[in-house]
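Numbering (the working numbering), first residue to last: 92 to 324.
Before any comments, here is the structure.
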Amino acid sequence: MILLALLLASIGAADLVRPQDTALTRRGLARAVIVSVAVAGLGVWGCGLAWWWAAIGLALVLGWLVTTPSSTVLPRSHPWPLVALTGVVLALLASSGEVPAPAGWLTDWYASLEITALDTVPFERFAVVAGALVFLVDSANIIVRMVLAATDAGVMASEQSLRGGRVLGPIERIIIFAMALSGEYAALTAVVAAKGILRFPEISRDVAGRKAEYVLVGSFVSWGLALVLVPLL
Numbered sequence: 092m093i094l095l096a097l098l099l100a101s102i103g104a105a106d107l108v109r110p111q112d113t114a115l116t117r118r119g120l121a122r123a124v125i126v127s128v129a130v131a132g133l134g135v136w137g138c139g140l141a142w143w144w145a146a147i148g149l150a151l152v153l154g155w156l157v158t159t160p161s162s163t164v165l166p167r168s169h170p171w172p173l174v175a176l177t178g179v180v181l182a183l184l185a186s187s188g189e190v191p192a193p194a195g196w197l198t199d200w201y202a203s204l205e206i207t208a209l210d211t212v213p214f215e216r217f218a219v220v221a222g223a224l225v226f227l228v229d230s231a232n233i234i235v236r237m238v239l240a241a242t243d244a245g246v247m248a249s250e251q252s253l254r255g256g257r258v259l260g261p262i263e264r265i266i267i268f269a270m271a272l273s274g275e276y277a278a279l280t281a282v283v284a285a286k287g288i289l290r291f292p293e294i295s296r297d298v299a300g301r302k303a304e305y306v307l308v309g310s311f312v313s314w315g316l317a318l319v320l321v322p323l324l
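Now the structure itself:
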């Protein structure tokens, strides 16, 4: 579980600092790699893990950055980056029993927190939640755009005109993730319903139905990313 937390946090942090509307330049790649190394290194050091885990994580993050352009002009492309990420996550979950339990200054800091709500929450679960939150901000946006690009060029055109989804998407995912973790399913349903109501005026003016398809595909992928880790937590 701790390796999954470090991977999500490293990818999420790298995506937060790389350019979003232009091709990935050397400077942008370098900035993203530096931030990723800092996050992974801090996590490995603070959890008392072997340093070669950080090297493996860096290779995975670099592969993600190179194969998932952040530009909105995405090809009708292969799903290989997403397939590869899913495979890595499943492999990490399958091998979690072979990884030593985290024990370092980061776990000691967590244990010293005087927060009653966290008394019954294991450090690894807290780390996965923190990593997932970082990942859901911008990395999830990239995955949604990849799916939209693979669906239809017209759907991606709607993504250009409905730019609010880039801001609302992360907020919506974090709210849904938090509500699902806390068991507030009625409130979660209300958020989903409100999304449809707020988007209805834009969708109703679209005769071709491209915006409706964009909202449906984007929303379901976004919600799925927010909920996929909840059963583990």
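Glycine residues also receive a C-beta, built at the ideal position from the N, C-alpha and C atoms.
As the structure is a computational prediction, the values presented were derived from the model and not from experiment.
For residue i, report the span of its alpha helix (DSSP H) as first-last.
i	result
residue 142	Run containing residue 142: none; DSSP gives neither H nor E here.
residue 177	171 to 185
residue 229	214 to 242
residue 109	Run containing residue 109: none; DSSP gives neither H nor E here.
residue 46	Here the chain has residues from 92 to 324 only, and residue 46 is not among them.
residue 194	No alpha helix (DSSP H) contains residue 194, which DSSP labels as neither H nor E.
With 16 other CB atoms within 10 Å as the buried threshold, where does residue i fall?
i	result
residue 202	exposed
residue 157	exposed
residue 309	buried
residue 134	buried
residue 340	Residue 340 cannot be examined here, being either before or after the span of the chain that is shown, 92 to 324.
residue 199	exposed
residue 283	exposed
residue 164	Caution is warranted here: a pLDDT of 49 is assigned to residue 164, below 50, making its placement in the model unreliable, and the coordinate value is therefore given only provisionally. Answer is exposed; the Cβ neighbour count stays below 16.
residue 267	buried
With a threshold of 8 Å between beta carbons, is residue i in contact with chain B?
i	result
residue 235	This model lacks chain B altogether, as it is built from one protein chain only.
Could you check the C-alpha separation between residue i and residue j for me, to the nearest Å?
i	j	result
residue 190	residue 307	39 Å
residue 317	residue 217	16 Å
residue 182	residue 159	21 Å
residue 241	residue 170	8 Å
residue 204	residue 126	26 Å
residue 176	residue 274	27 Å
residue 186	residue 93	11 Å
residue 279	residue 323	19 Å
residue 110	residue 222	21 Å
residue 258	residue 271	21 Å
residue 141	residue 153	20 Å
residue 236	residue 304	13 Å
residue 150	residue 320	23 Å
residue 173	residue 288	30 Å
residue 285	residue 139	44 Å
residue 230	residue 107	8 Å
| task | Please determine if the region 97 to 111 and the region 219 to 233 are in contact, where contact requires at least 3 C-beta pairs separated by less than 8 Å. | result | Contact between the region 97 to 111 and the region 219 to 233 is present, because at least three Cβ pairs lie under 8 Å.
| request: May I ask you to verify whether the region 260 to 279 touches the region 185 to 203, counting CB pairs closer than 8 Å and requiring at least 3? | output: Verdict: no, contact absent.
| message | Would you call the region 138 to 146 in contact with the region 115 to 125, where contact means no fewer than 3 C-beta pairs closer than 8 Å? | response | Touching, no.
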